[in-house]
Structures are given as C-alpha cells and as structure tokens.
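Colleague: Got a structure for you, questions after.
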Amino acid sequence: MAHPKRKISKTRRDKRRTHYKATAPQIAKDPTTGEAHLYHRAHWHEGKLYYRGQVLIDNVEEVEA
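Position 51 of the sequence shown, counted from 1, bears residue number 51 in the UniProt record's numbering, the numbering being contiguous throughout.
Rendered as structure tokens:
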C-alpha cells in the first residue's frame, strides 16, 4: 500500500482546492416572451416550446367551429 512520506499541510491542501468553485448558472432572457432560461436550452412558455425567440413546438390545440 502506498503511504505519504510527509503530511500534506493544510495550506498546501487548500491551495490545491482553490480552483474547485461552485458557479451559478448563466441565465438568459428570451427576446420574445421575456422568460428567464438557461443559455442554449429550449424552454416552455404557455404551452409553446421556444428556442432563440422562435416557436419550435406548439401544444396549444385550436378548435375550429
């Protein structure tokens, strides 16, 4: 079994861990609906799937009389 020859100090350990940071996700605002969503992701708004301001899927069914 491999064992460390010397104890790693708290300072040295913490220097290595400085790069492990939690980042908040970037939020974009849709130009058409004004809805907040994640970048490069489609999002649903009032039964429609939007991506880059355009409707991809429309789940709202219209009944003709």
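Heads up, the beta-carbon is just placed ideally off N, CA and C, and yes, glycines get one too.
1) Excluding the 5 residues flanking residue 60 on each side, which residues of the same chain have their C-beta closer than 6 Å to its C-beta?
2) Distance, Cα to Cα, residue 5 vs residue 17?
3) Which residue or residues does DSSP assign as beta-bridge partners of residue 48?
4) Over what stretch of residues does the alpha helix (DSSP H) that includes residue 15 continue unbroken?
Modeller: With the structure as the only source:
1) Excluding the 5 residues flanking it on each side, residue 60 has same chain C-beta neighbours closer than 6 Å at 47, in chain order.
2) Approximately 21 Å, taken between the alpha carbons.
3) Note: residue 48 sits in a beta bridge opposite 45, 58.
4) Following the DSSP letters along the chain, one finds residue 15 inside the alpha helix (DSSP H) bounded by residues 10-17.
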